[in-house]
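Chemist:
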Amino acid sequence: MAQNMVHDDDRLSRLWSLCHEHHNIKTQVESTRGKRRAAERRRDAAFYDHPAFK
1 MAQNMVHDDD RLSRLWSLCH EHHNIKTQVE STRGKRRAAE RRRDAAFYDH
51 PAFK
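Numbering (full-length UniProt numbering), first residue to last: 1 to 54.
1) Please report the straight-line C-alpha distance between residue 22 and residue 13, rounded to a whole angstrom.
2) In whole angstroms, what is the alpha-carbon distance linking residue 17 and residue 47?
3) What's the C-alpha gap between residue 8 and residue 28?
4) Could you pull out every residue in the same chain whose Cβ sits closer than 7 Å to the Cβ of residue 45, ignoring the five residues on either side in sequence?
Okay, here's the thing in structure tokens:
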């Protein structure tokens, strides 16, 4: 039983669906982080490409 006193559904099909859901969320978060880092690198590169820094 879970802490909220609701019986956990441990059927294999249910566990697989939870794993699939977790994988989708994890992949989405990793993708968002990667896109944000790439945007920061592009922004920094554009900033330092300014003639004042050459």
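From the three backbone atoms N, C-alpha and C, an ideal C-beta is built for every residue, glycine too. What you are looking at is a predicted structure, and each value in this text was computed from that prediction instead of being measured.
Modeler: Once the coordinates are examined:
1) Within the sequence shown, numbered from 1, the residue matching residue 22 stands at position 22. Within the sequence shown, numbered from 1, the residue matching residue 13 stands at position 13. Going by the C-alpha atoms only, they are around 14 Å apart.
2) For the purposes of this step, residue 17 is identified with residue 17 of the sequence shown, where counting begins at 1. For the purposes of this step, residue 47 is identified with residue 47 of the sequence shown, where counting begins at 1. When only Cα atoms are considered, residue 17 and residue 47 end up about 45 Å apart.
3) Within the sequence shown, residue 8 is the residue found at index 8, counting from 1. Within the sequence shown, residue 28 is the residue found at index 28, counting from 1. C-alpha separation (whole angstroms): 26 Å.
4) Counting from 1 along the sequence shown, the entry for residue 45 is found at position 45. Result list for residue 45: empty, nothing under 7 Å.
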